[in-house]
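Chains A and B supply the protein sequences, listed in that same order. Numbering of the first sequence is given in this note's numbering, commencing with residue 1205 and proceeding in unit increments. Numbering of the second sequence is given in this note's numbering, commencing with residue 4 and proceeding in unit increments. We put the CB at the ideal spot given by N, CA and C, even for glycine.
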Amino acid sequence: FRGKKQIDQELFDELEEILITADLGVGTTQDLLTHVQQQVKREALQDPAALRQALMDRILYYLRRPELESHMVMPESGPFVIMVVGVNGVGKTTTIGKMAHKFKQAGQSVLLVAADTFRAAAIEQLKIWGERNAVEVVAQKSGADPSSVAYDALDYARAREIDVVIIDTAGRLHTKVNLMEELKKIKRVVAKKLETAPHEILLVLDATTGQNSISQARQFHESVGVTGLALTKLDGTAKGGIVVNICHEFNMPIRFIGIGEKMEDLRDFEPEEFVKALFA
Amino acid sequence: NLTDRLQKVFKDLRGHGTLSEENIQDALREVRQALLEADVSFKVVKDFVKTVAERAVGQEVVGSLSPGQQVIRIVHDELVALLGGQTETLKLDGRQPVVIMLAGLQGSGKTTTAAKIAKQLLKKGRRPYLVPADVYRPAAIHQLQVLGERIGVPVHPSQASEDPVAICRAAVLAAAGGRFDTLLVDTAGRLHVDATLMEELRRIKAAVQPAEILFVADAMTGQDAVTVAEKFNADLDLTGVILTKMEGDARGGAALSIKSITNRPIKFVGVGEDLDALEVFHPDRQASRILG
Ligand SMILES: Nc1nc2c(ncn2[C@@H]2O[C@H](COP(=O)(O)OP(=O)(O)OP(=O)(O)O)[C@@H](O)[C@H]2O)c(=O)[nH]1
Ligand SMILES: Nc1nc2c(ncn2[C@@H]2O[C@H](COP(=O)(O)OP(=O)(O)OP(=O)(O)O)[C@@H](O)[C@H]2O)c(=O)[nH]1
Ligand SMILES: [Mg+2]
Ligand SMILES: [Mg+2]
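(1) Taking the alpha-carbon of residue 1440/A as reference, which of 135/B, 193/B and 115/B has the nearest alpha-carbon?
(2) Scan the stretch 156-167 of chain B for residues whose Cβ lies nearer than 7 Å to a Cβ of chain A and list them as they occur along the chain.
(3) Would you list, in chain order, the members of the stretch 1394-1416 of chain A that have their beta-carbon closer than 9 Å to a beta-carbon of chain B?
(4) Does any residue of chain B have a CB that is nearer than 8 Å to the CB of residue 1348/A?
(5) Counting only the same chain and skipping the five closest in sequence on each side, list residues whose C-beta sits under 6 Å from that of residue 1404/A.
(6) Are there any heavy atoms of ligand 1 lying less than 7 Å away from the beta-carbon of residue 1374/A, as far as the coordinates show?
(7) Does the stretch 255-262 of chain B touch the stretch 225-239 of chain B, meaning 3 or more C-beta pairs lie closer than 8 Å?
(8) Against chain A, with Cβ distances strictly below 8 Å, would residue 119/B count as a contact?
(9) Within 8 Å (strictly less), CB to CB, does residue 1372/A reach chain B?
(10) Confirm the yes/no value for this check: CB of residue 297/B, any heavy atom of ligand 4, distance under 7 Å.
(11) Do we get a CB-CB distance below 8 Å when we pair residue 5/B with the residues of chain A?
(12) Could you check whether residue 1351/A and residue 1300/A sit closer than 8 Å to each other, using their CB atoms as the reference points?
(13) Answer yes or no: does any C-beta atom of chain B fall closer than 8 Å to that of residue 1294/A?
(14) Taking a Cβ distance cut-off of 9 Å, strictly less, list which residues of the stretch 123-146 of chain B are near chain A, in chain order.
(15) Please list the segments of the alpha helix (DSSP H) lying wholly inside the stretch 11-78 of chain B, counting only runs of 4 or more residues, in order along the chain.
(16) Across the stretch 1249-1258 of chain A and the stretch 18-34 of chain B, are there enough close Cβ pairs to call them in contact, namely three or more that are closer than 8 Å?
(17) Are the C-beta atoms of residue 262/B and some chain A residue less than 8 Å apart?
(18) Measuring straight from C-alpha to C-alpha, what distance separates residue 1467/A and residue 216/B?
(19) Taking Cβ positions only, does residue 289/B come closer than 8 Å to chain A?
(20) Buried or exposed: where does residue 111/B fall if 16 or more other Cβ atoms within 10 Å of its Cβ makes it buried?
(21) Are the beta-carbon atoms of residue 1240/A and residue 1258/A separated by less than 8 Å?
(22) For residue 1220/A, which beta-bridge partners are listed by DSSP?
(23) Residue 221/B lies in the beta strand (DSSP E); which residues open and close that run?
(24) Out of 1218/A, 1219/A and 1227/A, which one is the CA nearest neighbour of residue 226/B?
(25) From residue 293/B to residue 44/B, what does the alpha carbon distance come to, in whole angstroms?
(26) With DSSP as the reference, label residue 1434/A as helix, strand or coil.
(27) Exposed or buried, residue 176/B, counting other C-beta atoms within 10 Å across all chains shown (16 or more means buried)?
(28) Could you check if residue 1292/A belongs to the surroundings of ligand 2, using beta carbon to heavy atom distance under 7 Å?
(29) Do residue 90/B and residue 218/B have their beta-carbon atoms positioned less than 8 Å apart in this structure?
(30) For the candidate residues 250/B, 79/B and 26/B, whose alpha-carbon lies nearest to that of residue 37/B?
(31) Quick one: what's residue 1461/A bridged to in DSSP?
(32) Within the present structure, is the beta-carbon of residue 111/B separated from the nearest heavy atom of ligand 2 by less than 7 Å?
(33) Quick check on DSSP: helix, strand or coil for residue 1322/A?
(34) Just how far apart, CA to CA, sit residue 1266/A and residue 1425/A?
(35) Are the beta-carbon atoms belonging to residue 1393/A and residue 1355/A less than 8 Å from one another?
(36) Mind checking residue 1384/A: buried by the 16 CB within 10 Å criterion, or exposed?
Following this line, the structure appears as structure tokens:
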């Protein structure tokens, strides 16, 4: 629609292609286009630029419903506990390394918890992120019970008056019932140790994933209750448009986006920037 | 599902008649929707639907099948044909040691898959050697060492301070004299748009001349699959594809996108985290899965 002179079917087809290739999904795309189509009729819009703006505004509306403006709030006392979850390879451990950097820069003390006791070298990987950030990592042996690592870590955090505790969990497909049960148990054990914890259950989604992210969000939410999202690998060519549907359906705020592999490559989610990038 | 949707489209078309341009339009719309929901890339869906239309129009409505079933049969057959007719295996009979190189985006499952292939080769009586050429990801070399130990396959000693190309060259030398007959090179995950790192892959290829360059991709990849696969193929001239994490509930339309754009065989699928979880790719099973 650059250089397009009128609002016609061809323009709508172009917009449909943009949204679908951005992974918004065919259903969400149809809802959005139907909505702006009605708007065009109602307001007798003529200018393609006005149509594009209407579409962007509608997507923004999906992304920032008032409930979505809930920020992570530090508790009155005791550590703020974040549990990081998601399927295999999406960037949980790396995102934790980046969050540690962000919290330290803000003057908070941070403790990392190596509760991925399953995957080869997962503990070592998190320890390196701990070293890079000069923050401690609580870990046990590979194969230990993840709940017991989390439990011990909270004792340690309370004793040391740590501000932020971030728990790394093993990647797991949301369809694996026993693994989702394990996650529920980690959450229960953490809550037993500290009544209000975990204060944040952060689901990490990979921007290159397609419609399956919806299934992931649904299942993780059903199992442990997701309170925030992180969307990684936006430095690639994938647009991550699937979050438009997820935010709309599940009311989950997007906390951060990952734009690279270094510890500085974490940004707060900016809805307007995100929507602009969908059309770039 | 698609069968039900197509039954609805054709509910007034029975017995004798032909599939016409008109009554096929709604059916094609349903097929298009199903494929997009399954994450097949937009352009691939467009071409696919066009092909199906050409094959469907003018067909007699055969007595034994409903028109909806007929369209499904055409779609299914076309999908199977596109996904790859016969099962393809690894090319292991060339000059020894054979080098198999794994490449792909971050987190797609390369390191785990390298170990899975090594384990299979060991079972087949070969002498595999794992080569950790990822010097960037924290504990990547350690990860491959742990996996190698687990399956009893030696891992080339490497440090994160070394150059990946040098590591690969040294590994080939270490395999000399028939000590190892198959090298599995695990490379660092990278973006197709990272020029420096894509150049590194080309340098590794030039240095060790792999018999197989396998693109390892996540089965749940969305629309971006076509862009990524096209670039990896353009830069490396892939010999095959491996789709991982297939035991989940992703429809796996990326399989069709990647196969269409690269025309390289999908050789294996990863179906779990344990090192036995590697299977041969079945086009017919994948076709049914994509159609939902
Ligand atoms: N380009 C890019 N790569 C990323 C980003 N976030 C993570 N990665 C990379 O993705 C790969 C996987 O990251 P991990 O942090 O190990 O992912 P994970 O979810 O902890 O993986 P598992 O624990 O095995 O489930 C690594 O190579 C990371 O460097 C990002 O925002 N951009
Ligand atoms: N469920 C499932 N998980 C898998 C499969 N293959 C690999 N994984 C997991 O996916 C995650 C990433 O695997 P890696 O082997 O570290 O991926 P990678 O491509 O080497 O990652 P980078 O080196 O960071 O690019 C790990 O948690 C693996 O256990 C599979 O077929 N199914
Ligand atoms: Mg991890
Ligand atoms: Mg790896």
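Reading from the atomic positions:
(1) That would be 193/B, whose Cα lies nearest to the Cα of residue 1440/A.
(2) Taking 7 Å as the Cβ-Cβ cut-off against chain A, none of the residues of the stretch 156-167 of chain B qualify.
(3) Hits within the stretch, in order: 1410, 1411, 1412, 1413, 1414, 1415 and 1416.
(4) Residue 1348/A does not count as touching chain B.
(5) Here the set comprises 1276, 1286, 1431 and 1432.
(6) At least one heavy atom of ligand 1 is nearer than 7 Å to the Cβ of residue 1374/A, so yes.
(7) Below 8 Å, enough C-beta pairs join the stretch 225-239 of chain B and the stretch 255-262 of chain B to call them touching: three or more.
(8) For residue 119/B, the closest Cβ of chain A is not nearer than 8 Å.
(9) So no, residue 1372/A is outside the interface.
(10) A question about residue 297/B goes unanswered here, because the residues of chain B that appear run from 4 up to 295.
(11) Taking a beta-carbon distance threshold of 8 Å, residue 5/B does not count as an interface residue toward chain A.
(12) Not in contact: residue 1300/A and residue 1351/A (Cβ atoms no closer than 8 Å).
(13) Yes, its Cβ sits closer than 8 Å to a Cβ of chain B.
(14) For the stretch 123-146 of chain B, residues whose beta-carbon sits nearer than 9 Å to a beta-carbon of chain A comprise 139, 140, 141, 142, 143, 144, 145 and 146.
(15) With a minimum length of 4 residues, the continuous alpha helix (DSSP H) runs that stay inside the stretch 11-78 of chain B are 24-40 and 45-59.
(16) The stretch 1249-1258 of chain A is not in contact with the stretch 18-34 of chain B.
(17) Nearest CB-CB separation between residue 262/B and chain A: not below the 8 Å threshold.
(18) Residue 1467/A and residue 216/B have their C-alpha atoms spaced approximately 31 Å apart.
(19) So no, residue 289/B is outside the interface.
(20) Label assigned to residue 111/B: buried.
(21) A distance below 8 Å separates the beta carbons of residue 1240/A and residue 1258/A.
(22) The partner list for residue 1220/A (beta bridge, DSSP) is empty, contrary to what the question assumes.
(23) Per DSSP, residue 221/B belongs to the beta strand (DSSP E) from 215-221.
(24) Residue 1227/A is the option with its Cα nearest to residue 226/B.
(25) Rounded to the nearest angstrom, the two C-alpha atoms are 12 Å apart.
(26) In this structure, DSSP gives residue 1434/A an extended state, which the three-state scheme calls strand.
(27) With fewer than 16 Cβ atoms within 10 Å of its Cβ, residue 176/B is classed as exposed.
(28) At least one heavy atom of ligand 2 is nearer than 7 Å to the Cβ of residue 1292/A, so yes.
(29) Contact: no.
(30) For residue 37/B, the nearest C-alpha among the options comes from 79/B.
(31) Here residue 1461/A is bridged, per DSSP, to 1435/A and 1471/A.
(32) For ligand 2, at least one heavy atom lies less than 7 Å from the Cβ of residue 111/B.
(33) Three-state result, residue 1322/A: coil.
(34) Looking at the two C-alpha atoms, the distance is approximately 19 Å.
(35) Yes, they are a contact pair.
(36) Buried, because 16 or more other Cβ atoms sit within 10 Å of the Cβ of residue 1384/A.
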